[in-house]
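Asks: Quick note on numbering: the sequence shown equals residues 8 to 109 in the numbering used here.
Yeah, the Cβ is synthetic: ideal placement off N, Cα and C, and Gly gets one too.
Every value quoted in this text rests on a predicted model; they were computed, and no experiment measured them.
One structure, pasted below without further comment.
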Amino acid sequence: MKKSLIITLSIVLVLAIAAAAVYFFVLAPSSDYIDRTEAKKAALDTLGVNAADVLHLKTDLEKDDGYTYYEVSFTYDKQEYDYYVDAYTGEVLSFEKESVFD
């Protein structure tokens, strides 16, 4: 009984440490990043539209090959847009658009 309790507590402790590490190193945004609102504004301003003009507006913080950026996705005027915004500077790095009918 005592041995199984120690094993269970050890497993819980290891899982808690692993979860904290994943949060800290992968999920937690840095204070150096612009916030999601600024990333959305940068993308929408590039196109010259307001948030009220678009559908399905979504912003995700992405990390890829050591680079951190926001992917801002939305639909406007029968086009699907994906904007890539630098998470540190707010500069629009690139964008893609495709017809909603594709």
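What is the rounded straight-line gap between the Cα of V40 and the Cα of S11?
Replies: On the sequence shown, residue 40 is found 33 positions in, with the first residue counted as 1. On the sequence shown, residue 11 is found 4 positions in, with the first residue counted as 1. Note that residue 40 is Tyr in the sequence shown here, rather than Val. Cα-Cα distance, rounded: 44 Å.
Asks: Is K85 helix, strand or coil when you go by DSSP?
Replies: In the sequence shown, counting from the first residue as 1, residue 85 sits at position 78. Coil at K85, not helix or strand.
Asks: Is the beta carbon of L64 sitting closer than 9 Å to the one on S80?
Replies: What you label residue 64 is simply residue 57 of the sequence shown in a count that begins at 1. What you label residue 80 is simply residue 73 of the sequence shown in a count that begins at 1. A contact, by the Cβ cut-off of 9 Å.
Asks: So if DSSP puts T75 in a beta bridge, which residue, or which two residues, is it bridged to?
Replies: Counting from 1 along the sequence shown, the entry for residue 75 is found at position 68. DSSP lists K70 as partners of T75.
Asks: Considering E105, what are the terminal residues of the alpha helix (DSSP H) in which it resides?
Replies: By 1-based counting over the sequence shown, the position of residue 105 is 98. Note, E105: premise wrong, no alpha helix (DSSP H); beta strand (DSSP E) at 99-106.
Asks: Should A23 be labelled buried (16 or more other beta-carbon atoms within 10 Å of its own) or exposed?
Replies: Start at 1 with the first residue of the sequence shown, and residue 23 comes out as number 16. Flag for A23 reads exposed.
Asks: Can you tell me which of the three DSSP states D93 falls into?
Replies: As a working mapping, residue 93 is identified with position 86 in the sequence shown. Residue state, collapsed to three classes: strand.
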